[in-house]
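*Asks:*
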Amino acid sequence: MDSLHAQTASTNPAPPQPEPSSLFRPLSGVLGAETDALDLSRPLDAATVEAVRAAFRDHHLLVIRNQSLDKERMYRFAELFGPIESHMIRLADGSKWDAVHTITNLDAAGNPVAKPFISSNYFWHTDKSFLPEPSLLTMLQAVELPPNGGDTQFADMTKAYDALPDATKRRVEGMKTVQSLEFMRRYTGSAPPTEEDIAAAPPVAHPLVRVHPETGRRSLYIGMYSSHIEGLPEEEGRALLEELLAHATQERFLYVHTWRLGDLVFWDNRCLLHRAVANFEMGKHRRVLMRVVVKGEAP
Ligand code: SIN
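Just so we're aligned, residue 122 is where the sequence shown starts under the working numbering, counting upward by one.
(1) If we call anything under 9 Å between Cβ atoms a contact, is Val409 one with Thr223?
(2) In whole angstroms, what separates the C-alpha of Thr156 from that of Leu353?
(3) Can we count Leu362 as close to the ligand SIN, meaning its CB is less than 8 Å from some heavy atom?
(4) In chain order, what residues of the same chain have a beta carbon less than 7 Å from the beta carbon of Thr129, not counting five sequence neighbours either side?
(5) Hey, how far is the Cα of Asn242 from the Cα of Gly271?
(6) Rounded to whole angstroms, what's the CA-CA distance from Thr94 to Asp166? Just pull it up for me.
(7) If Val293 and Val332 are in contact, beta carbons under 8 Å, what's the gap, nearest whole angstrom?
(8) Please determine whether the Cβ atom of Thr156 lies at a distance below 8 Å from any heavy atom of the ligand SIN.
(9) The beta strand (DSSP E) with Phe202 in it runs from where to where?
(10) Please classify Ala168 as buried or exposed, where buried requires at least 16 neighbouring CB atoms within 10 angstroms.
(11) For a test of the three-state rule: what should DSSP assign to Asp264, helix, strand or coil?
(12) Spatial neighbours of Met345 within its chain, please: C-beta separation below 7 Å, excluding the five flanking residues on both sides.
(13) Please report the straight-line C-alpha distance between Pro313 and Glu303, rounded to a whole angstrom.
(14) Could you pull the start and end residues of the beta strand (DSSP E) that Met278 belongs to?
(15) Output yes or no for whether 9 Å exceeds the beta carbon distance between Asp389 and Phe198.
(16) Which residues does DSSP pair with Lys297 in a beta bridge?
Given below as structure tokens:
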């Protein structure tokens, strides 16, 4: 990744940027906003960066259309939101994911397969909630897409929390959920983590109700890493987690992203869940997304 640390200031002047206030338009009545008026292949001016940050805070998910960023430009853009995360995931050949890596349904020979080596992205989750400092933001860029489908769903955990009955809100307030890499691997039918992985990321307890540091809003902090609830019998905690997940992922809280080539999409893991949808012929068509993740803070 050393090349990514070398500044690549363009010698050409940046083109005029659109009015920041009119940059993004809402994508749905639930969450998300989009623009086709940005070119991220060049550095943005300060006002535009602020407008993007404000839209991210207000809409939780942004889509910037028609991009064709190489690894370095994608890294540079993501870095505007915080430090870039490194990864512990190992591929079939034992190599680790780069900071900018790909999510694909391809095998080591580059052929589409019905059950990709990494398929936990098809379960509801918020990135890296098993770490003491989980991911703030995840960014994907569509590079190759199936002719239809291959969507990604996003669920708004703030709206889901707000819609809970008051009695449930009182019940869950102050609860802590144990988040575990090992649990997730079992839950999703993935290969178990190595002893080294478990030692590097032992289970961690996070608040079940997370307060967003910028908006002050409460949201449910759950998903595939949520193993059980501290202080509750295991079965009771699991039942509560499954009940909350079923509530939080109802259609009324969802935005479904149907990808177009060149879409750059990034979202706030502090208040959204996401999952890929296997609504295409995975053994036949290629789906390749570039991905980079920004490190967050303790919830
Ligand atoms: C992810 O979980 O980060 C990727 C989601 C997707 O593959 O659509």
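For glycine and all other residues, C-beta sits at the position ideal for the given N, C-alpha and C.
*Replies:* Reading from the atomic positions:
(1) Locating residue 409 in the sequence shown gives position 288, counting from the first residue. Locating residue 223 in the sequence shown gives position 102, counting from the first residue. It is a contact, given that the beta carbons lie within the stated cut-off.
(2) Counting from 1 along the sequence shown, the entry for residue 156 is found at position 35. Counting from 1 along the sequence shown, the entry for residue 353 is found at position 232. Roughly 45 Å separates the two Cα atoms.
(3) Against the sequence shown, residue 362 aligns to sequence position 241. No.
(4) Your numbering for residue 129 matches position 8 in the sequence shown. Only weak support is given to the placement of Thr129: the predicted model assigns it a pLDDT of 36, under 50, and the value that follows is read from those uncertain coordinates. Closer than 7 Å at Cβ, skipping near neighbours: Glu193.
(5) Here the question's residue 242 lines up with position 121 in the sequence shown. Here the question's residue 271 lines up with position 150 in the sequence shown. Whole-angstrom Cα-Cα distance: 12 Å.
(6) This structure cannot speak to residue 94, because the chain is shown only from 122 to 420.
(7) Translated into positions along the sequence shown, residue 293 becomes position 172. Translated into positions along the sequence shown, residue 332 becomes position 211. 13 Å between Cβ atoms; not a contact.
(8) Start at 1 with the first residue of the sequence shown, and residue 156 comes out as number 35. Outside the cutoff, so no.
(9) Numbered from its first residue, the sequence shown carries residue 202 at position 81. Segment: none, Phe202 is in no beta strand (DSSP E) and carries neither H nor E.
(10) Start at 1 with the first residue of the sequence shown, and residue 168 comes out as number 47. By the neighbour-count rule (16 or more Cβ atoms within 10 Å), Ala168 is not buried but exposed.
(11) Numbered from 1 along the sequence shown, position 143 holds the residue referred to as residue 264. According to the sequence displayed, residue 264 carries Val and not Asp. Three-state result, Val264: strand.
(12) By one-based count along the sequence shown, residue 345 stands at place 224. Answer for Met345: Ser241, Phe244, Trp245, His246, Met305, Tyr308, Thr309, listed in chain order.
(13) For this step, residue 313 is matched to residue 192 along the sequence shown. For this step, residue 303 is matched to residue 182 along the sequence shown. Near 7 Å, if we compare the C-alpha coordinates of Glu303 and Pro313.
(14) By one-based count along the sequence shown, residue 278 stands at place 157. Met278 -> not in any beta strand (DSSP E); alpha helix (DSSP H) instead, spanning 278-283.
(15) What you label residue 389 is simply residue 268 of the sequence shown in a count that begins at 1. What you label residue 198 is simply residue 77 of the sequence shown in a count that begins at 1. For Asp389 and Phe198, no; Cβs fall outside 9 Å.
(16) Residue 297 sits at position 176 when you count from the first residue of the sequence shown. DSSP, once it has assigned bridges, lists Pro328 as partnering Lys297.
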